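K.L.:
Supplied in structure tokens, the structure appears directly below.
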């Protein structure tokens, strides 16, 4: 290409450009973009139009960008975004603003233009806002351009542009970052104050709480630490604020305040199990710290019966059972275990019921449960002590369950799994039973070649 350009004279190149611009609108747009910011003030509508043309091109006859075309579309729009990068490097601030304004104005069209299973469409909008943030934080950005972007961001936020996506809040983040005067800060606060929760609507509640968090950020820039604390207390129903206030009280060893905030949180957020668990954890930490054994025991029992979230090892069923055992006097433990069993039974909490049986080596009780629920999986999960102590009965129940399984099996995968169960039956001591089941299955009519083939591998 360089060789060819070196051989062509200016007239040939100009003639080529004129012809291409006449017959190819996208080529014309790209060529004219070279003069943006120098020969004329760039127009955001031009960049928006270029994206819309790409949506039409990649959407094809049905006007919908298929999954297989979404990557190519992403690359094509990214080349337009790259013009903003180049403009920023060259200090062409009006060009950068025009490019990003144009693409942001059709962000919703981009998102809804096709199949975004691969995330290629959303990635375009994400990259656009990343460049907005990069532009707004550039130390060389002129004050006039900062003010222009501030006005644009606040207007777009107030107009609810992209509301329903987190990108709506990107407009607010941009406005906050560029609110460098008391007047601008007050305008941001006014915009945030306009967002109110609406009844039981979850999204409205989320938006109101998010607006409060951004308002706190503004207060942190223009107010005192005391102003921030007061604002959080005034809006303590916001879970993020409550968590911060609890942490602050904990750091000051003000355990009474931690308890007050946590208990108030439990009462306020009864509909949200995750939040209730958070506040209970803080209660538990205080009681453990101050040595209040009765309340520590009460909450350990709460967590044992599922009050914690999955994956929290400290508050897991296993950890909490150990805590219960350490807090209950030895002579009272047997009676206490009975109360745990009773609660597990009333809640039909089989996981905890069997866990208690296992921890307390209550093999007879465990076997009573299996007799009532003689499933393959319950027997497989039973402790080895149960399988050994009640060997003959386990074999009989397991063999019966395997027979029932084969009655429902109807394809090779299920036959293969049935053979795996027969192997387990043999390990439990039921070789004769397993052989008998295999003979029964091989003689089934009509014949099942796949079943016979899998059984031959036993």
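In our numbering, the protein residues as written are 30 to 487. Just so you know, even glycine gets a beta-carbon here, dropped at the ideal spot from N, CA and C. Quantities reported herein were computed from a predicted structural model and do not represent experimental measurements.
In angstroms with no decimal places, state the Cα-to-Cα distance between residue 365 and residue 357.
P.N.:
Cα to Cα, the separation comes out at about 8 Å.
K.L.:
For residue 420 and residue 458, what's the separation of their Cα atoms in angstroms?
P.N.:
Approximately 7 Å between the Cα atoms of the pair.
K.L.:
For residue 483, which of 456, 455, 451 and 196 has the nearest alpha-carbon?
P.N.:
It is 451.
K.L.:
Can you give me the Cβ contacts of residue 162 inside the same chain, cut-off strictly under 8 Å, excluding the 5 residues immediately before and after it?
P.N.:
Hits under 8 Å: 199, 202, 203 and 206.
K.L.:
Quick one: give me the first and last residue of the alpha helix (DSSP H) that residue 262 is part of.
P.N.:
Taken as a continuous stretch (DSSP letters only), the alpha helix (DSSP H) holding residue 262 covers 254-263.
K.L.:
Could you pull the DSSP bridge partners for residue 458 from this structure?
P.N.:
According to DSSP, which records beta bridges pairwise, residue 458 is partnered with nothing at all.
K.L.:
Just how far apart, CA to CA, sit residue 417 and residue 242?
P.N.:
Cα to Cα, residue 417 sits roughly 60 Å from residue 242.
K.L.:
Determine which residues share a DSSP beta bridge with residue 143 and list them.
P.N.:
Per DSSP, 94.
K.L.:
Are the region 339-354 and the region 370-378 in contact at 8 Å, needing three or more beta carbon pairs?
P.N.:
Contact between the region 339-354 and the region 370-378 is absent, because fewer than three Cβ pairs lie under 8 Å.
K.L.:
Report the rounded CA-to-CA distance for residue 368 versus residue 183, giving the unit in angstroms.
P.N.:
Distance between the alpha carbons of residue 368 and residue 183: 60 Å.
K.L.:
How big is the Cα-Cα spacing for residue 354 and residue 344?
P.N.:
Cα-Cα distance, rounded: 14 Å.
K.L.:
If you follow the alpha helix (DSSP H) that residue 159 is in, where does it begin and where does it stop?
P.N.:
Its alpha helix (DSSP H) spans residues 149-165.
K.L.:
Could you check what DSSP says for residue 419 in three-state terms: helix, strand or coil?
P.N.:
Residue 419 falls in the coil class under three-state DSSP.
K.L.:
Mind checking residue 30: buried by the 16 CB within 10 Å criterion, or exposed?
P.N.:
Per the 10 Å Cβ criterion, exposed.
K.L.:
From residue 413 to residue 456, what distance separates their C-alpha atoms?
P.N.:
Their backbone Cα atoms lie some 12 Å apart in a straight line.
K.L.:
Going by C-alpha to C-alpha distance, which of 370, 394, 480 and 449 sits closest to residue 409?
P.N.:
Taking only the C-alpha atoms, the option nearest residue 409 is 449.
K.L.:
So, are the CB atoms of residue 302 and residue 290 less than 8 Å apart?
P.N.:
Not in contact: residue 302 and residue 290 (Cβ atoms no closer than 8 Å).
K.L.:
Could you tell me which of 267, 394, 173 and 446 sits nearest to residue 238, measuring between CA atoms?
P.N.:
The option with the nearest alpha carbon to residue 238 is 267.
K.L.:
Tell me whether the region 98-115 and the region 39-50 touch, counting them as touching only if at least three CB pairs, one residue from each stretch, are closer than 8 Å.
P.N.:
Taking 8 Å as the limit for Cβ pairs, the verdict is that the region 39-50 does not touch the region 98-115.
K.L.:
Please state whether the Cβ-Cβ distance between residue 127 and residue 72 is less than 8 Å.
P.N.:
Yes, the pair counts as a contact, with Cβ atoms nearer than the cut-off.
K.L.:
What did DSSP end up calling residue 439 once you bin it into helix, strand or coil?
P.N.:
Reduced to three states, the DSSP call for residue 439 is coil.
K.L.:
Which whole-angstrom value describes the C-beta separation of residue 129 and residue 152, a residue pair presumed to lie in contact below a C-beta threshold of 8 Å?
P.N.:
Residue 129 to residue 152, Cβ: 15 Å. No contact.
K.L.:
Identify, in the order they occur along the chain, each residue of the same chain with its Cβ nearer than 6 Å to the Cβ of residue 84, setting aside the five sequence neighbours on each side.
P.N.:
Once the five neighbours on either side are set aside, the close Cβ partners of residue 84 are 142.
K.L.:
Need the endpoints of the alpha helix (DSSP H) that residue 313 sits in, please.
P.N.:
First-last of the alpha helix (DSSP H) with residue 313: 302-319.
K.L.:
Among 232, 332, 250 and 360, which one has its Cα closest to the Cα of residue 381?
P.N.:
Minimum Cα distance to residue 381 is reached at 332.
K.L.:
Could you compute how far the alpha carbon of residue 225 sits from the alpha carbon of residue 165?
P.N.:
Roughly 28 Å between the two C-alpha positions.
K.L.:
Take the Cβ of residue 121 as the centre, count every other Cβ of all protein chains shown within 10 Å, and call the residue buried at 16 or more, exposed below.
P.N.:
The residue in question, residue 121, is buried, as its Cβ has 16 or more Cβ neighbours within 10 Å.
K.L.:
Considering only the beta carbon of each residue, do residue 328 and residue 318 sit closer than 8 Å?
P.N.:
No, they are not a contact pair.
K.L.:
Please list, in chain order, all residues of the same chain as residue 42 whose beta carbon is under 6 Å from its beta carbon, the five residues on each side excluded.
P.N.:
Within the same chain, residue 42 has no close Cβ partners at all.
K.L.:
I'd like the span of the alpha helix (DSSP H) that includes residue 392, first residue to last.
P.N.:
392-401 is the span of the alpha helix (DSSP H), which, as asked, contains residue 392.
K.L.:
Give me the Cβ distance between residue 139 and residue 150, rounded to the nearest whole Å; I'm assuming they're in contact under 8 Å.
P.N.:
Yes, they are in contact, since the Cβ atoms of residue 139 and residue 150 sit about 6 Å apart, within 8 Å.
K.L.:
How about residue 93 and residue 146: are their beta carbons less than 8 Å apart?
P.N.:
Not closer than 8 Å, so no.
K.L.:
Judging by CA-CA distance, which residue of 89, 135, 82 and 173 is the nearest neighbour of residue 123?
P.N.:
Nearest C-alpha to residue 123: 173.
K.L.:
Please report the straight-line C-alpha distance between residue 79 and residue 136, rounded to a whole angstrom.
P.N.:
The alpha-carbon atoms of residue 79 and residue 136 are separated by roughly 13 Å.
K.L.:
Please classify residue 232 as buried or exposed, where buried requires at least 16 other C-beta atoms within 10 Å of its C-beta.
P.N.:
That one is exposed.
K.L.:
Would you kindly report the start and end of the unbroken alpha helix (DSSP H) that includes residue 351?
P.N.:
346-356 is the extent of the alpha helix (DSSP H) around residue 351.
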